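Engineer: Sharing a structure below in structure tokens format, with a few things to ask.
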């Protein structure tokens, strides 16, 4: 849609600012510990998280004052508007704090609650992943494609964190872990981007993903040929729960949903 060009331009400008701040702060703390606070949900937050979100909010509100915003650090503002921006200034704050490079800024635009645009800025890798509804997804301007793969037993898997899996999902989660070829953990949003690029077949998480974590991923994965849903197979919206499933192949997605239903 024509208006998406203006939306994407603003998202890219916001990602430019995020890259600048995160690169600056990484260099500053490269040889030392990074101070952080602990939020009420026991998750960490740094002054950098807060600064990045403030800057992104300023850019978006200056361009689209009638749009809503929902951010990881500063909550919701006009979140019932037709267009709502969903922001995670640092997805992977734990990784950021300890110096692991697998963190990124997630910027999504939802229309009536449905993600239609997503930008994932990975500053350490100098990679920018972009998805817009109805278009081919890209990384650094180059088209990406998920890979066809239908065999769960030989699937390559990424999962963000095993610690937070809901008790009601643990049996199904463990079954999927045991039923696949091998797994990588702790990559935050980068595991899902690896799926969009055809390097991973399956990503799943429970108890840890919120709208700020997955909304930007949806247009990128779908625009690369993949499928993303909750654990019931419903499309992800701003109002979905904390169970996320992504597959590079729709046939594998259906198989995984059957396995989840059988083991929950």
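In the numbering used here, the protein residues as written are 319 to 582. Glycine residues also receive a C-beta, built at the ideal position from the N, C-alpha and C atoms. For clarity, every value in this text was computed on a predicted model and none was experimentally measured.
In whole angstroms, what separates the C-alpha of residue 404 from that of residue 516?
Structural biologist: 26 Å
Engineer: Does the segment 439-446 come close enough to the segment 330-338 to have 3 or more Cβ pairs within less than 8 Å?
Structural biologist: Enough Cβ pairs lie closer than 8 Å, so yes.
Engineer: Just checking my contact of residue 572 with residue 494 at CB under 8 Å: how many whole Å lie between their CB atoms?
Structural biologist: So it is not a contact: roughly 14 Å between Cβ atoms.
Engineer: Using the Cα positions of residue 484 and residue 432, report the straight-line distance between them to the nearest angstrom.
Structural biologist: 25 Å
Engineer: Could you tell me the distance, in whole angstroms, from the CA atom of residue 321 to the CA atom of residue 580?
Structural biologist: If you draw a straight line from the Cα of residue 321 to the Cα of residue 580, it comes to about 43 Å.
Engineer: In three-state DSSP terms, what is residue 336?
Structural biologist: helix
Engineer: Should residue 416 be labelled buried (16 or more other beta-carbon atoms within 10 Å of its own) or exposed?
Structural biologist: exposed
Engineer: Can you tell me which of the three DSSP states residue 489 falls into?
Structural biologist: helix
Engineer: Would you decide whether residue 385 is buried or exposed? Buried here means 16 or more other CB atoms lie within 10 Å of its CB.
Structural biologist: buried
Engineer: Would you check if there are 3 or more beta carbon pairs closer than 8 Å linking the segment 539-546 to the segment 459-477?
Structural biologist: The segment 539-546 is in contact with the segment 459-477.
Engineer: Count the other CB atoms, across all protein chains shown, that sit within 10 Å of the CB of residue 503; report buried if there are 16 or more and exposed otherwise.
Structural biologist: exposed
Engineer: Is residue 563 near residue 435, with beta carbons less than 8 Å apart?
Structural biologist: Contact flag unset, no.
Engineer: Quick one: what's got a C-beta closer than 6 Å to residue 482's C-beta in the same chain, skipping five residues either side?
Structural biologist: Within its own chain, the residues whose Cβ lies closer than 6 Å to the Cβ of residue 482, once the five positions on either side in sequence are excluded, are 525 and 526, listed in chain order.
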